[in-house]
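Q: Chains as they are written, first to last, in my numbering: chain A, 71 to 413; chain B, 71 to 413. Backbone N, C-alpha and C fix where the C-beta goes; we use that ideal spot for every residue, glycine too. This is the structure I have questions about; it appears just below.
Protein chains: 2
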Amino acid sequence: IMALRHYTLDVRLSAPADSPSIVRGLQTIFQEQEMTETVHNTEGHGYLATFIGKNGRFLILRVLSQGLVTIDLQCSEGDDLAHVDHVGVAFRGLPALRRGADVDRYWPTADGRLVEYDIDEVVYEQDSDYQNIKILHSSQFGNILILNGDVNMADSDLAYTQAIMGGGREQYAGKEVLVLGGGDGGILHEAVKLKPKMVTMLVIDGCRKHMRKTCGDVLDSLQGDFYQVLVEDCVPVLKKFAEEGKMFDYVINDLTAVPISTAPEEDSTWEFLRLILDLSIKVLRPDGKYFTQGNCANLTDSLQEYEGLLGRLSCPVSFSKEVVCVPSYMELYPSQTRHCNYL
Amino acid sequence: IMALRHYTLDVRLSAPADSPSIVRGLQTIFQEQEMTETVHNTEGHGYLATFIGKNGRFLILRVLSQGLVTIDLQCSEGDDLAHVDHVGVAFRGLPALRRGADVDRYWPTADGRLVEYDIDEVVYEQDSDYQNIKILHSSQFGNILILNGDVNMADSDLAYTQAIMGGGREQYAGKEVLVLGGGDGGILHEAVKLKPKMVTMLVIDGCRKHMRKTCGDVLDSLQGDFYQVLVEDCVPVLKKFAEEGKMFDYVINDLTAVPISTAPEEDSTWEFLRLILDLSIKVLRPDGKYFTQGNCANLTDSLQEYEGLLGRLSCPVSFSKEVVCVPSYMELYPSQTRHCNYL
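Written out as structure tokens, the structure is:
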């Protein structure tokens with residue numbers, strides 16, 4: 071399928087009175103390129119014209135009051151960009167948007183910013199019963215796991231795994247560890263190196279094959295000397311553990327980020343998060359620790375909401391947080407590790 | 071000045087034959103919003119129509135052969151987005167481009183990807199004799215220094231300074247250190263903590279006031295117990311040092327990244343880089359080390375060109391490299407520290 075390149079070129083004129091001569095200069099250039107102009111009636115909202123060229127080239131020239139000039143050029147991939155850089159003003163050109171391409175390179179951050187990744191291959195794509203799973207290859211971050219459109223974990227992101235395990239300050243040797251989620255296998259892969267008594271992992275989807283740099287061979291078998299992987303919904307299993315009085319030294323929740331919405335009454339994710347948190351505290355030894363991720367550092371309201379929730383749990387907890395840089399996220403992820411000391 | 075929001079919504083139809091009904095559905099919606107349609111003659115390159123609405127709203131609907139449908143909507147900031155999400159297809163919407171805004175949020179990466187920063191304030195802007203200097207505030211990265219449009223250093227980027235100083239593996243105590251560039255003061259700030267004999271810094275522009283988290287108070291005075299800052303062009307000073315036989319244990323070049331262009335004969339930056347490298351080696355003790363940054367990990371050709379250059383220096387050197395994640399760069403920066411052991 072033919073994909074489009076969409077170039078944007080903007081300039082704010084220091085003297086709005088220059089607009090007419092800029093427009094005339096650009097019109098001349100576009101006409102030289104044999105583009106057909108249509109001037110639109112904007113009912114007083116500035117000058118707006120569209121130009122149709124050869125090979126499906128399409129250009130929009132807009133001049134808004136007070137001197138903002140914008141140019142949009144859409145052309146097919148491989149077409150040469152028409153030169154608009156010799157009309158006497160410095161246009162600010164951004165890298166072209168690639169639209170309708172086979173591989174999507176745009177994966178916005180949790181706080182809604184547009185970022186382009188260096189994706190060169192779709193490694194895996196599947197709709198599971200629970201979510202849309204994509205594994206895309208980035209030339210710098212390696213394989214990236216994307217769940218429901220959110221960048222989750224890449225080969226480059228050992229920093230994430232290290233942070234959610236306590237930043238290297240914990241002694242896992244001889245301890246019982248419960249991992250909720252963590253389907254990329256990173257936490258399990260790192261934890262078994264630390265000679266734990268037993269790591270139990272509750273997960274619904276695994277990344278055994280395509281996130282090998284993250285999980286190593288630890289997901290090749292669901293059972294090892296120091297670990298077991300239970301492919302089950304975590305809520306009933308947690309309830310069963312709590313009833314049986316089964317206790318852990320560490321619970322690492324890699325299931326859920328703090329929801330972006332700050333309205334707990336409207337977002338059932340908050341209810342789920344609270345349920346997991348309550349059940350986790352029930353299976354945690356009195357001196358145990360609970361680790362989880364927060365969300366993007368910019369979502370201060372959501373993080374505050376979460377900290378309020380920690381104060382309203384059925385038993386009191388204390389907590390601390392740490393901000394880390396996860397390479398493939400392209401944003402700072404504060405409260406990445408939020409560890410709650412059971413009191 | 072009125073700024074624009076530019077929304078893009080794209081969908082690739084699984085059955086291109088659905089195009090006419092999609093177009094009719096969208097036309098109906100746009101007409102309900104009292105938008106005036108102009109259908110353009112594309113000479114066989116698909117359906118293309120522009121719609122002009124109230125308050126300067128402007129919409130483009132394109133249907134390309136084989137089922138790519140694109141919608142562009144430009145409206146003023148604060149205008150509500152027209153709803154195009156109930157026509158039976160799932161459009162992929164990206165965060166709106168903010169065009170003509172007072173503060174520019176788009177600072178492409180070294181490898182040409184479009185990334186949006188959470189910029190909320192222009193802290194400082196100035197054209198010096200050498201470059202355009204901007205300091206912009208990001209809510210997550212803190213103050214960001216941007217030189218000639220390239221993101222250089224932010225409050226969040228201690229990792230950069232640590233890497234270019236040798237990743238914490240060097241003993242600076244009692245040593246003589248020469249810093250080239252480093253106008254943000256980060257290297258000097260960290261180096262003086264390590265009890266060096268003397269740090270000499272050669273710099274043309276300083277960030278004393280606005281990059282305080284990076285430089286501390288070290289740039290408040292050009293002279294301290296263990297350092298001196300020379301505000302001079304580094305080439306003649308390096309030549310003078312070489313003539314006088316002045317020698318250093320470490321030379322840290324924070325002046326120049328490896329050029330993006332891979333054609334040394336066409337880019338004088340390569341010549342400058344080679345000159346600095348040759349002069350630096352001349353003032354380096356036989357067991358001294360030279361540290362510098364590379365460039366974005368994706369620029370493999372440029373980095374290879376640079377490594378070739380290291381093999382053609384007037385005296386033989388060995389080198390190693392390390393890739394680090396610099397938070398505000400939003401890309402991996404390999405060969406960040408390239409340390410060359412003088413043989």
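Taking the alpha carbon of F296/A as the reference point, which residue from K265/A, L325/A, R382/A has its own alpha carbon closest?
A: Taking the first sequence and counting its residues from 1, one reaches residue 296/A at position 226. The candidate whose alpha carbon is nearest that of F296/A is K265/A.
Q: Have a look at T140/B and L79/B and give me their C-alpha separation to the nearest angstrom.
A: The count along the second sequence starts at 1 and reaches residue 140/B at position 70. The count along the second sequence starts at 1 and reaches residue 79/B at position 9. Distance between the alpha carbons of T140/B and L79/B: 6 Å.
Q: Using the three-state DSSP reduction, which class does D188/B fall into: helix, strand or coil?
A: Along the second sequence, one-based indexing puts residue 188/B at 118. Coil at D188/B, not helix or strand.
Q: Report all residues from its chain with a CB closer than 8 Å to the CB of V288/B; omit the five preceding and five following residues, and keep chain order.
A: Stepping through the second sequence from its first residue, residue 288/B is reached at position 218. Counting only Cβ-Cβ distances below 8 Å, and skipping sequence neighbours, we find G255, L258, H259, V262, G294, Y297.
Q: May I have the straight-line CA-CA distance separating G252/B from E147/B, to the nearest angstrom?
A: For the purposes of this step, residue 252/B is taken as the residue at position 182 of the second sequence. For the purposes of this step, residue 147/B is taken as the residue at position 77 of the second sequence. Approximately 39 Å, taken between the alpha carbons.
Q: Which residues in the same chain have their Cβ closer than 7 Å to the Cβ of H76/B, if we skip the five residues on either side of it in sequence?
A: Mapped onto the second sequence, residue 76/B falls at position 6. The answer, listed in chain order, is D142, Q144, A166, L167, R169.
Q: What does the alpha-carbon distance come out to for the pair R382/B and E314/B?
A: Position 312 of the second sequence holds residue 382/B. Position 244 of the second sequence holds residue 314/B. Answer to the nearest angstrom: the Cα atoms are 25 Å apart.
Q: Compare the C-beta of H153/A against all C-beta atoms of chain B and say whether one is closer than 9 Å.
A: Here the question's residue 153/A lines up with position 83 in the first sequence. Bear in mind that the predicted position of H153/A carries a pLDDT of just 49, short of 50, making it too unreliable to give a figure here.
Q: Cβ of V273/A within 9 Å of Cβ of L308/A?
A: As a first step, residue 273/A is located in the first sequence; it is residue number 203 there, counting from the start. As a first step, residue 308/A is located in the first sequence; it is residue number 238 there, counting from the start. Taking 9 Å as the Cβ cut-off, V273/A and L308/A do not qualify as a contacting pair.
Q: Consider the C-beta atom of P329/A and the heavy atoms of the ligand COA; say whether any pair is separated by less than 8 Å.
A: As far as ligands go, the structure on display features none, and thus does not contain the ligand COA.
Q: Can a CB atom of chain A be found closer than 9 Å to the CB of R75/B?
A: The residue given as residue 75/B occupies position 5 in the second sequence. For R75/B, the answer is no, since every Cβ of chain A falls outside 9 Å of its Cβ.
Q: Is the beta carbon of Y187/B less than 9 Å from the beta carbon of R183/A?
A: As a working mapping, residue 187/B is identified with position 117 in the second sequence. As a working mapping, residue 183/A is identified with position 113 in the first sequence. Contact flag set, yes.
Q: State the start and end residues of the unbroken alpha helix (DSSP H) segment that holds I17/B.
A: No answer is possible for residue 17/B: it lies beyond the span of chain B, which begins at 71 and ends at 413.
Q: Taking G358/A as part of the beta strand (DSSP E), name the residues at either end of that continuous run.
A: As a first step, residue 358/A is located in the first sequence; it is residue number 288 there, counting from the start. Unbroken beta strand (DSSP E) run through G358/A: 354-362.
Q: Which bits of chain B does Y30/A rub up against, with CB to CB less than 7 Å?
A: Not covered by the structure: residue 30/A. The range shown for chain A is 71 to 413.
Q: Run through chain B and tell me which residues come within less than 7 Å of Q210/A, C-beta to C-beta.
A: Stepping through the first sequence from its first residue, residue 210/A is reached at position 140. Correct list: A367, N368, E401, L402.
Q: Please state the DSSP three-state secondary structure of T179/B.
A: By one-based count along the second sequence, residue 179/B stands at place 109. Collapsing the DSSP output to three states places T179/B in coil.
Q: Could you run through the region 94-115 of chain A and flag, in chain order, every residue whose CB is less than 9 Å away from some CB of chain B?
A: T106, T108, H110, N111, T112, E113, G114, H115
Q: Do F361/B and V468/B come within 9 Å of each other at the CB atom, strictly closer than that value?
A: Absent from the structure is residue 468/B, since the part of chain B shown begins at 71 and ends at 413.
Q: Would you identify the three-state DSSP class for C419/A, choosing helix, strand or coil?
A: Residue 419/A cannot be examined here, being either before or after the span of chain A that is shown, 71 to 413.
Q: Please tell me whether F311/B and V249/B are closer than 9 Å, where the distance is taken between their beta carbons.
A: Here residue 311/B refers to the residue found at position 241 of the second sequence. Here residue 249/B refers to the residue found at position 179 of the second sequence. Not closer than 9 Å, so no.
Q: For G251/A, does the three-state DSSP call read helix, strand or coil?
A: Here residue 251/A refers to the residue found at position 181 of the first sequence. Of the three classes helix, strand and coil, the one that applies to G251/A here is strand, per DSSP.
Q: Looking at chain A, is there any beta carbon in it that lies within less than 9 Å of the beta carbon of D371/B?
A: Counting from one through the second sequence, the residue named residue 371/B turns up at place 301. No, D371/B does not count as interfacial toward chain A.
Q: If you run the structure through DSSP and keep just helix, strand and coil, what is F296/A?
A: Along the first sequence, one-based indexing puts residue 296/A at 226. Looking at F296/A - three-state DSSP - the assignment turns out to be coil, as it is neither helix nor strand.
Q: Using a Cβ cut-off of 9 Å (strictly closer), state whether P397/A contacts chain B.
A: Counted from its first residue, the first sequence places residue 397/A at position 327. The Cβ of P397/A sits closer than 9 Å to at least one Cβ of chain B.
Q: With 16 other CB atoms within 10 Å as the buried threshold, where does N368/B fall?
A: Taking the first residue of the second sequence as 1, we reach residue 368/B at position 298. Result: buried.
Q: Flag this pair as yes or no: are the beta carbons of T112/A and T108/B separated by less than 9 Å?
A: Along the first sequence, read from residue 1 onward, the residue named residue 112/A stands at position 42. Along the second sequence, read from residue 1 onward, the residue named residue 108/B stands at position 38. No, these two residues do not count as a Cβ contact at 9 Å.
Q: How would you list, in chain order, the residues of chain B whose beta-carbon sits under 7 Å from the beta-carbon of R239/A?
A: As a first step, residue 239/A is located in the first sequence; it is residue number 169 there, counting from the start. Those within 7 Å of R239/A in chain B number zero; the least Cβ separation is about 18 Å.
Q: Cutting at 6 Å between CB atoms, please list the residues of its own chain near R355/A, excluding the five before and the five after it.
A: Position 285 of the first sequence, counted from the first residue, corresponds to residue 355/A. Taken in chain order, the residues that qualify are M317, D319.
Q: Tell me the DSSP secondary structure of Y194/B in three-state form.
A: Here residue 194/B refers to the residue found at position 124 when the second sequence is read from its first residue. Of the three classes helix, strand and coil, the one that applies to Y194/B here is strand, per DSSP.
Q: Is the distance from the Cβ of F128/A to the Cβ of F100/A below 9 Å?
A: The sequence position of residue 128/A within the first sequence is 58, counting from 1. The sequence position of residue 100/A within the first sequence is 30, counting from 1. No, these two residues do not count as a Cβ contact at 9 Å.
Q: To the nearest angstrom, report how far apart A333/A and D324/A are at their CA atoms.
A: Here residue 333/A refers to the residue found at position 263 when the first sequence is read from its first residue. Here residue 324/A refers to the residue found at position 254 when the first sequence is read from its first residue. So the two alpha carbons sit approximately 22 Å from each other.
Q: According to a CB-to-CB cut-off of less than 9 Å, which residues of the region 182-195 of chain B neighbour chain A?
A: G182, R183, L184, V185, E186, Y187, D188
Q: Using the beta-carbon count (16 or more within 10 Å), is V192/B buried or exposed?
A: Within the second sequence, numbered from 1, the residue matching residue 192/B stands at position 122. Classification for V192/B: exposed.
Q: Exposed or buried, which one is G378/B when buried takes at least 16 other CB atoms within 10 Å?
A: Here residue 378/B is taken as the residue at index 308 of the second sequence, counted from 1. So G378/B counts as exposed.
Q: Straight-line CA distance for Y399/A to W177/B?
A: Along the first sequence, one-based indexing puts residue 399/A at 329. Along the second sequence, one-based indexing puts residue 177/B at 107. Rounded to whole angstroms, Y399/A to W177/B spans 17 Å at the Cα level.
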